[in-house]
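Student: Below is the structure I would like to discuss, written out as structure tokens.
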Amino acid sequence: MNWFRDFLLGPPAATHAADMDGLFIFITILTIFFFFFNGALIFYAAKRWKRRSENEVTPHITHDTRLELLWSLIPLVVVMLIFFWGFKGYVSAWVAPNDSMEIVVTGKKWLWEFEYPDGTRALNDLHVPVNRPVKLVMHAEDVIHSFFVPAFRLKRDVLPGRYTELWFTATEPGVYQVYCTEYCGKGHSDMLARIYVDTPEEYEVFLREGDEQVRKMPLKELGKLVYENKGCATCHSIDGSRGQGPTFKGIWGKTERGTDGKEYLVDENYIRDSILNPNAVVVQGYEPIMPTFQGLLREREILGVIEYIKSLQ
Amino acid sequence: MAHENVLHAEGAVAGRPADYLESSKGLWSWLSTVDHKRIGLMYLWSVVLFMIVGGLLALLIRMELLTPGPTVMDAETYNRAFTLHGAVMVFLVIIPGIPAALGNFVLPLLLGAKDVAFPRLNLTSYWIYVAGALMALSTLILGGVDTGWTFYTPYSSTTGGGVSMMVLAAFVLGFSSIFTGVNFIATIHKMRAPGMGWFELPLFCWGMYATALIQILATPVLGITLLLLVMERVLSVGIFDPNLGGDPVLFQHFFWFYSHPAVYIMILPAMAVISEVIPVFSKKTIFGYKAIAFSSVAIALLGFLVWAHHMFTAGMSLFAGAIFSFITFFIAVPSAIKVFNWIATMWRGSISLAAPMIHAINFLLIFTIGGLTGLFLAALSTDVHLHDTYFVVAHFHYVMAGSNLIALLAGIHYWWPKMFGRMYNEKLATIAATLIFIGFNATFLPQFVMGSRGMPRRYYNYLEQFQAMHIASTIGSWILAVGLFLCLAVLLVSFRNKKGVVNNPWGGKTLEWQALSPPITHNFEGTPVLIHGPYDYRPQPVPVAVEREQGVSH
Numbered sequence: 001m002n003w004f005r006d007f008l009l010g011p012p013a014a015t016h017a018a019d020m021d022g023l024f025i026f027i028t029i030l031t032i033f034f035f036f037f038n039g040a041l042i043f044y045a046a047k048r049w050k051r052r053s054e055n056e057v058t059p060h061i062t063h064d065t066r067l068e069l070l071w072s073l074i075p076l077v078v079v080m081l082i083f084f085w086g087f088k089g090y091v092s093a094w095v096a097p098n099d100s101m102e103i104v105v106t107g108k109k110w111l112w113e114f115e116y117p118d119g120t121r122a123l124n125d126l127h128v129p130v131n132r133p134v135k136l137v138m139h140a141e142d143v144i145h146s147f148f149v150p151a152f153r154l155k156r157d158v159l160p161g162r163y164t165e166l167w168f169t170a171t172e173p174g175v176y177q178v179y180c181t182e183y184c185g186k187g188h189s190d191m192l193a194r195i196y197v198d199t200p201e202e203y204e205v206f207l208r209e210g211d212e213q214v215r216k217m218p219l220k221e222l223g224k225l226v227y228e229n230k231g232c233a234t235c236h237s238i239d240g241s242r243g244q245g246p247t248f249k250g251i252w253g254k255t256e257r258g259t260d261g262k263e264y265l266v267d268e269n270y271i272r273d274s275i276l277n278p279n280a281v282v283v284q285g286y287e288p289i290m291p292t293f294q295g296l297l298r299e300r301e302i303l304g305v306i307e308y309i310k311s312l313q
Numbered sequence: 314m315a316h317e318n319v320l321h322a323e324g325a326v327a328g329r330p331a332d333y334l335e336s337s338k339g340l341w342s343w344l345s346t347v348d349h350k351r352i353g354l355m356y357l358w359s360v361v362l363f364m365i366v367g368g369l370l371a372l373l374i375r376m377e378l379l380t381p382g383p384t385v386m387d388a389e390t391y392n393r394a395f396t397l398h399g400a401v402m403v404f405l406v407i408i409p410g411i412p413a414a415l416g417n418f419v420l421p422l423l424l425g426a427k428d429v430a431f432p433r434l435n436l437t438s439y440w441i442y443v444a445g446a447l448m449a450l451s452t453l454i455l456g457g458v459d460t461g462w463t464f465y466t467p468y469s470s471t472t473g474g475g476v477s478m479m480v481l482a483a484f485v486l487g488f489s490s491i492f493t494g495v496n497f498i499a500t501i502h503k504m505r506a507p508g509m510g511w512f513e514l515p516l517f518c519w520g521m522y523a524t525a526l527i528q529i530l531a532t533p534v535l536g537i538t539l540l541l542l543v544m545e546r547v548l549s550v551g552i553f554d555p556n557l558g559g560d561p562v563l564f565q566h567f568f569w570f571y572s573h574p575a576v577y578i579m580i581l582p583a584m585a586v587i588s589e590v591i592p593v594f595s596k597k598t599i600f601g602y603k604a605i606a607f608s609s610v611a612i613a614l615l616g617f618l619v620w621a622h623h624m625f626t627a628g629m630s631l632f633a634g635a636i637f638s639f640i641t642f643f644i645a646v647p648s649a650i651k652v653f654n655w656i657a658t659m660w661r662g663s664i665s666l667a668a669p670m671i672h673a674i675n676f677l678l679i680f681t682i683g684g685l686t687g688l689f690l691a692a693l694s695t696d697v698h699l700h701d702t703y704f705v706v707a708h709f710h711y712v713m714a715g716s717n718l719i720a721l722l723a724g725i726h727y728w729w730p731k732m733f734g735r736m737y738n739e740k741l742a743t744i745a746a747t748l749i750f751i752g753f754n755a756t757f758l759p760q761f762v763m764g765s766r767g768m769p770r771r772y773y774n775y776l777e778q779f780q781a782m783h784i785a786s787t788i789g790s791w792i793l794a795v796g797l798f799l800c801l802a803v804l805l806v807s808f809r810n811k812k813g814v815v816n817n818p819w820g821g822k823t824l825e826w827q828a829l830s831p832p833i834t835h836n837f838e839g840t841p842v843l844i845h846g847p848y849d850y851r852p853q854p855v856p857v858a859v860e861r862e863q864g865v866s867h
């Protein structure tokens with residue numbers, strides 16, 4: 001049967017898929033059976049009792065209570081079975097386990113943003129470890145979208161102004177297609193994403209170095225992205241103006257005076273320490289209010305910020 | 314045979330009164346007619362015209378889908394094309410379709426009546442339909458509409474283009490539907506021939522009655538919903554758009570509260586036609602008359618309770634999903650009963666495979682698939698996977714296009730001699746019917762598989778892996794188009810024949826076959842009195858009065 005299932009649905013890759021697949025195959029067999037069964041009856045009747053003369057007499061059969069009860073009750077029983085089977089599957093896919101890893105998903109025309117528990121963000125590419133429950137908490141920023149992963153047999157609309165949830169436990173390492181499946185305008189059919197289900201080793205690498213996009217992006221560009229998306233821009237300008245923190249413009253290679261009176265050269269180590277242990281050294285005239293980014297930025301992202309600051313002369 | 318009080322015109326032209334086509338001449342006599350038969354014909358030609366418009370849009374859509382990425386149009390044009398295709402087919406073809414084009418013509422004749430209860434309301438219905446149609450088509454020059462025929466908010470309340478005009482067009486068209494429903498209910502209640510009790514009604518009338526119930530009760534909800542949408546677009550009244558404090562899912566509830574019953578407005582008349590055709594071409598009484606009659610009304614009423622099965626992934630509660638799924642399965646049972654009853658009618662009958670019957674048989678096979686694929690969507694877990702994919706597209710085309718359209722063709726071929734006093738070329742009509750069946754399945758069967766494999770609907774662009782199935786589906790659409798055009802050509806060419814058909818070429822037992830073919834304007838000379846039941850093929854039909862005494866059904 002697996003070839004049949006694979007042809008119709010593709011191989012399953014999450015824990016819920018097997019149950020849904022079973023029900024799907026069951027109804028498929030039912031459909032094919034009744035199509036041929038009805039077809040056979042019709043063709044038999046048309047052939048066997050083909051009209052031979054205009055004066056033929058046919059039996060006057062108005063009804064048959066026993067037969068009609070039979071073909072009412074049997075379908076009723078079968079559809080009730082299908083209902084319960086489908087209901088059971090739906091319920092088990094509804095409530096995420098308590099220890100699920102939570103990912104925040106934002107849909108907007110026409111891309112998907114994922115935010116990991118550590119605050120890092122990704123665009124259109126989501127990494128999850130195999131065999132661990134993952135809960136997606138989703139909302140849209142504009143119109144209704146819908147998050148569909150065929151390999152997991154999962155789908156939920158993504159709404160503006162409200163959160164919807166979806167959870168899964170992926171069972172097979174691999175890359176799985178995600179589609180937007182609620183019409184949302186011109187780019188609807190391009191609003192695709194990918195879920196990377198990683199083995200524990202692959203997931204390690206991902207945690208350390210980020211996803212492909214992060215790994216492949218030139219450091220300066222990555223640094224700019226981090227500056228914009230991870231909150232640096234809130235306090236540090238790039239145009240020379242003073243904010244809650246010093247501007248980044250032109251600081252590379254400068255000597256800053258700390259609140260402890262000592263002088264510090266702004267080099268790679270200085271920037272790294274400012275990110276990971278910001279209140280150890282605070283520039284004179286500023287408050288010790290910067291939060292630490294320990295665990296929130298990957299190594300490569302820190303390198304990127306350094307490159308970016310270098311470029312801001 | 315009873316009904317001697319009607320003129321028979323076999324072969325005799327002299328002494329034949331003017332039929333309804335000849336009784337008055339000139340365009341104005343048609344545009345201002347209150348004759349239900351002329352109104353029915355005007356609807357018929359309009360429906361055929363819009364079917365061609367919708368069909369050409371479909372061919373364009375399928376042509377675009379031959380390759381991923383742009384093929385013959387850009388994304389925005391594609392999105393407008395599928396929206397217009399859906400809106401035209403749903404609102405201008407399938408919902409009015411059988412009730413307005415065939416029902417208007419045939420209902421009074423089946424009842425032995427002179428016309429419908431409210432002839433002027435009938436004409437008004439038609440002109441409202443024309444107004445709505447013009448409004449809908451005017452969106453082509455107002456920037457087009459790309460929301461899909463379902464107008465989900467907040468996309469539809471915030472996007473540009475002619476959305477408000479399209480929505481108002483649907484609002485206007487709703488009245489056409491409501492007025493037809495009112496007319497049919499009054500006619501069926503009040504204008505039956507003497508002797509025709511409820512259980513002597515032809516099943517077509519039961520089907521029209523059940524449809525009319527839905528038209529009257531459900532359409533106003535759509536009307537109000539559409540007005541609310543326009544208010545939000547034009548006046549920024551916050552109802553559905555969260556930015557204005559509204560709830561987008563609320564729109565879906567309102568929309569589907571009508572649009573689900575609407576699909577029963579579509580299928581019940583189709584089933585009604587099949588219930589007429591099969592007994593005649595099996596020369597045998599319908600099996601399970603009461604079961605079919607009651608299941609029509611049951612489907613109409615149950616249809617109001619299942620709307621949110623379109624919303625299992627929309628963000629509704631688990632509890633709501635369970636209820637709607639549960640009730641949805643109950644509609645499967647009366648539908649299955651009908652299919653078995655029709656097959657049982659054929660069993661041990663005297664089967665004539667004339668064109669109407671070929672269409673009816675095609676209906677049975679296609680409706681079997683259409684109905685059973687509904688089970689996948691009614692079940693919660695499978696629906697989660699299949700919702701908004703091509704599986705749904707295939708399912709609804711099987712029931713809306715395959716079943717409904719083919720039933721319309723069955724009815725047109727069946728009542729053609731009555732309507733025009735002419736016969737079409739039987740052989741070519743059968744070839745057309747076969748091409749339609751083959752083309753239809755070739756177009757939509759691949760779409761089930763595409764959908765279950767994950768191909769979403771309303772997609773302009775798609776991944777390479779789906780291209781083979783898209784190509785297969787498009788080729789199918791060409792076969793279907795050839796079949797449909799051949800079918801139309803065969804019917805139109807029949808006008809080259811002179812009128813001269815016998816009144817009852819098929820040997821039907823319902824009252825319309827006692828009128829002339831074509832009928833006189835007032836249908837019958839004097840009020841016909843019903844003697845035997847509508848499907849009584851016994852050599853000596855038993856009078857209804859006797860059957861009642863004996864407590865038997867026909």
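Chains as they are written, first to last, in my numbering: chain Y, 1 to 313; chain H, 314 to 867.
By construction, the Cβ of each residue, glycine as well, lies at the ideal position given by its N, Cα and C atoms.
The model shown is predicted, which means the values in this text are computed figures rather than measured ones.
Which residues share a DSSP beta bridge with ASP332 (chain H)?
Tutor: Position 19 of the second sequence, counting from 1, holds the residue named residue 332 (chain H). Bridge partners of ASP332 (chain H): H:ILE833.
Student: Please give the ranges of any beta strand (DSSP E) in the segment 635-694 of chain H, keeping only runs that are unbroken, at least 3 residues long and fully inside the region.
Tutor: none
Student: Counting pairs of Cβ atoms below 8 angstroms between the segment 464-475 of chain H and the segment 170-184 of chain Y, do you hit three or more?
Tutor: yes
Student: In terms of alpha-carbon separation, which member of Y:LYS47, Y:VAL266, Y:PRO278 and Y:MET20 lies closest to PRO150 (chain Y)?
Tutor: Position 150 of the first sequence, counted from the first residue, corresponds to residue 150 (chain Y). Measuring from the Cα of PRO150 (chain Y), the nearest candidate turns out to be Y:MET20.
Student: List, in order along the chain, the chain Y residues whose C-beta lies closer than 7 angstroms to that of SER572 (chain H)?
Tutor: Numbered from 1 along the second sequence, position 259 holds the residue referred to as residue 572 (chain H). Ordered by position in chain Y, no residue passes the 7 angstroms Cβ test against SER572 (chain H), which lies about 16 angstroms from the chain.
Student: In whole angstroms, what separates the C-alpha of LEU159 (chain Y) from that of ASN392 (chain H)?
Tutor: As a working mapping, residue 159 (chain Y) is identified with position 159 in the first sequence. As a working mapping, residue 392 (chain H) is identified with position 79 in the second sequence. Taking the straight line from one Cα to the other gives about 21 angstroms.
Student: Using the beta-carbon of each residue, which ones in chain H are nearer than 8 angstroms to LYS155 (chain Y)?
Tutor: One-based indexing of the first sequence puts residue 155 (chain Y) at position 155. THR626, VAL697, HIS698, HIS700 and ASP701, listed in chain order.
Student: Can you name the start and end residues of the alpha helix (DSSP H) that PRO574 (chain H) belongs to?
Tutor: The residue labelled residue 574 (chain H) in the question sits at position 261 within the second sequence. 561-595 is the extent of the alpha helix (DSSP H) around PRO574 (chain H).
Student: For the 8 angstroms Cβ check, are there 3 or more pairs between the segment 749-762 of chain H and the segment 789-801 of chain H?
Tutor: Taking one beta carbon from each stretch, the segment 749-762 of chain H and the segment 789-801 of chain H have 3 or more pairs nearer than 8 angstroms; the two touch.
Student: Return the residues of the segment 167-192 of chain Y that lie within a Cβ-Cβ distance of less than 9 angstroms from chain H, sorted by chain order.
Tutor: GLN177, TYR179, CYS180, THR181, GLU182, TYR183, CYS184, GLY185, LYS186, GLY187, HIS188, SER189, ASP190 and LEU192
Student: Helix, strand or coil, according to DSSP, for TYR775 (chain H) in the structure here?
Tutor: Indexing the second sequence from 1 puts residue 775 (chain H) at position 462. Taken through DSSP and simplified to helix, strand or coil, TYR775 (chain H) comes out as coil.
Student: Output, in chain order, the set of chain H residues within a Cβ distance shorter than 9 angstroms of LYS135 (chain Y).
Tutor: Numbered from 1 along the first sequence, position 135 holds the residue referred to as residue 135 (chain Y). Those do not exist, as LYS135 (chain Y) stays about 15 angstroms from chain H at its closest Cβ, beyond 9 angstroms.
Student: Excluding sequence positions up to five away, which residues of its chain have a Cβ less than 7 angstroms from the Cβ of ALA668 (chain H)?
Tutor: Along the second sequence, read from residue 1 onward, the residue named residue 668 (chain H) stands at position 355. Same-chain partners within the cutoff: HIS726, GLU739, ALA742, THR743 and ALA746.
Student: Quick check: the Cα distance between PHE497 (chain H) and VAL593 (chain H), rounded to an integer number of angstroms?
Tutor: Here residue 497 (chain H) refers to the residue found at position 184 when the second sequence is read from its first residue. Here residue 593 (chain H) refers to the residue found at position 280 when the second sequence is read from its first residue. Taking the straight line from one Cα to the other gives about 24 angstroms.
Student: In terms of residue numbering, what span does the alpha helix (DSSP H) encompassing GLN760 (chain H) cover?
Tutor: Within the second sequence, residue 760 (chain H) is the residue found at index 447, counting from 1. Element bounds for GLN760 (chain H): 739-765.
Student: Is there at least one Cβ from chain H nearer than 8 angstroms to TRP94 (chain Y)'s Cβ?
Tutor: In the first sequence, residue 94 (chain Y) corresponds to position 94, counting from 1. Interface residue, yes.
Student: By DSSP, does ALA14 (chain Y) sit in helix, in strand, or in coil?
Tutor: Residue 14 (chain Y) sits at position 14 when you count from the first residue of the first sequence. Looking at ALA14 (chain Y) - three-state DSSP - the assignment turns out to be strand.
Student: Counting pairs of beta carbons, one from the segment 25-36 of chain Y and one from the segment 699-708 of chain H, are three or more of them closer than 8 angstroms?
Tutor: no
Student: Along chain H, in chain order, which residues have C-beta atoms closer than 7 angstroms to that of GLY161 (chain Y)?
Tutor: In the first sequence, the residue the question calls residue 161 (chain Y) occupies position 161. Result: PRO555.
Student: Can you say whether THR65 (chain Y) is buried or exposed, counting buried as having 16 or more other CB atoms within 10 angstroms of its CB?
Tutor: Looking up residue 65 (chain Y) in the first sequence gives position 65. Exposed, since its Cβ has fewer than 16 Cβ neighbours within 10 Å.
Student: I'd like to know if MET659 (chain H) contacts chain Y, where contact means its C-beta is closer than 8 angstroms to some C-beta of that chain.
Tutor: Counted from its first residue, the second sequence places residue 659 (chain H) at position 346. Taking Cβ atoms only, chain Y reaches closer than 8 angstroms to MET659 (chain H), which makes this a yes.
Student: Per DSSP, SER146 (chain Y) forms a beta bridge with which residues?
Tutor: Against the first sequence, residue 146 (chain Y) aligns to sequence position 146. DSSP output for SER146 (chain Y) lists Y:ASP157 as bridge partner(s).
Student: Can you give me the Cβ contacts of ALA371 (chain H) inside the same chain, cut-off strictly under 6 angstroms, excluding the 5 residues immediately before and after it?
Tutor: Residue 371 (chain H) sits at position 58 when you count from the first residue of the second sequence. Counting only Cβ-Cβ distances below 6 angstroms, and skipping sequence neighbours, we find HIS398.
Student: Helix, strand or coil for THR106 (chain Y)? Go by DSSP, reduced to three states.
Tutor: For the purposes of this step, residue 106 (chain Y) is taken as residue 106 along the first sequence, with counting starting at 1. THR106 (chain Y): strand per DSSP, three-state reduction.
Student: Please report the straight-line C-alpha distance between GLU323 (chain H) and PHE512 (chain H), rounded to a whole angstrom.
Tutor: In the second sequence, residue 323 (chain H) corresponds to position 10, counting from 1. In the second sequence, residue 512 (chain H) corresponds to position 199, counting from 1. Any reading at GLU323 (chain H) must be qualified, since the residue scores a pLDDT of 38, below 50, and its modelled position is unreliable; no value is offered.
Student: Mapping the DSSP letters down to three states, classify LEU455 (chain H) as helix, strand or coil.
Tutor: Your numbering for residue 455 (chain H) matches position 142 in the second sequence. When secondary structure is reduced to three states using DSSP, LEU455 (chain H) falls in the coil class, being assigned neither helix nor strand.
Student: Near ASP99 (chain Y), which residues of its chain fall below 8 angstroms by C-beta distance, leaving aside the five closest residues on each side in sequence?
Tutor: Here residue 99 (chain Y) is taken as the residue at index 99 of the first sequence, counted from 1. Around ASP99 (chain Y): PRO133.
Student: Mind checking LYS350 (chain H): buried by the 16 CB within 10 Å criterion, or exposed?
Tutor: Counting from 1 along the second sequence, the entry for residue 350 (chain H) is found at position 37. When all chains shown are included, LYS350 (chain H) counts as buried.
Student: Quick one: is ASP19 (chain Y) near chain H, going by C-beta distance under 8 angstroms?
Tutor: As a working mapping, residue 19 (chain Y) is identified with position 19 in the first sequence. Output row for ASP19 (chain Y): interface = yes.
Student: Between which residues of its own chain and GLY558 (chain H) is the CB-CB distance below 7 angstroms, once the five residues before and five after are set aside?
Tutor: Walking along the second sequence from the start, residue 558 (chain H) turns up at place 245. Excluding residues within five positions, the ones whose Cβ falls inside 7 angstroms are GLY551.
Student: Assuming PHE643 (chain H) contacts LEU614 (chain H) (C-beta within less than 8 angstroms), just tell me the rounded distance between them.
Tutor: Within the second sequence, the letter at position 330 stands for residue 643 (chain H). Within the second sequence, the letter at position 301 stands for residue 614 (chain H). Contact flag wrong, Cβ pair sits at about 11 angstroms.
Student: Does DSSP put MET138 (chain Y) in a helix, in a strand, or in coil?
Tutor: Stepping through the first sequence from its first residue, residue 138 (chain Y) is reached at position 138. Correct three-state label for MET138 (chain Y): strand.
Student: Compute the distance between the beta-carbons of ASN38 (chain Y) and ILE656 (chain H), then report whether it is under 8 angstroms.
Tutor: Taking the first residue of the first sequence as 1, we reach residue 38 (chain Y) at position 38. Taking the first residue of the second sequence as 1, we reach residue 656 (chain H) at position 343. The answer is yes: Cβ separation under 8 angstroms.
Student: Mind listing which residues of the segment 19-47 of chain Y have their C-beta closer than 7 angstroms to chain H's C-betas, in chain order?
Tutor: ASP19, MET20, LEU23, PHE24, ILE27, LEU30, THR31, PHE34, PHE35, ASN38, GLY39, LEU41, ILE42, ALA45 and ALA46
Student: Which chain Y residues are close to ILE664 (chain H), counting only those with a beta carbon under 9 angstroms from its beta carbon?
Tutor: Looking up residue 664 (chain H) in the second sequence gives position 351. Correct list: ALA45, ALA46, LYS47, ARG48, TRP49, LYS50 and ARG51.
Student: Could you pull out every residue in the same chain whose Cβ sits closer than 6 angstroms to the Cβ of ALA525 (chain H), ignoring the five residues on either side in sequence?
Tutor: Here the question's residue 525 (chain H) lines up with position 212 in the second sequence. Taking ALA525 (chain H) as the centre and dropping the five residues before and after it, the same chain places the C-beta of GLY494, PHE497 and ILE498 closer than 6 angstroms to its C-beta, in chain order.
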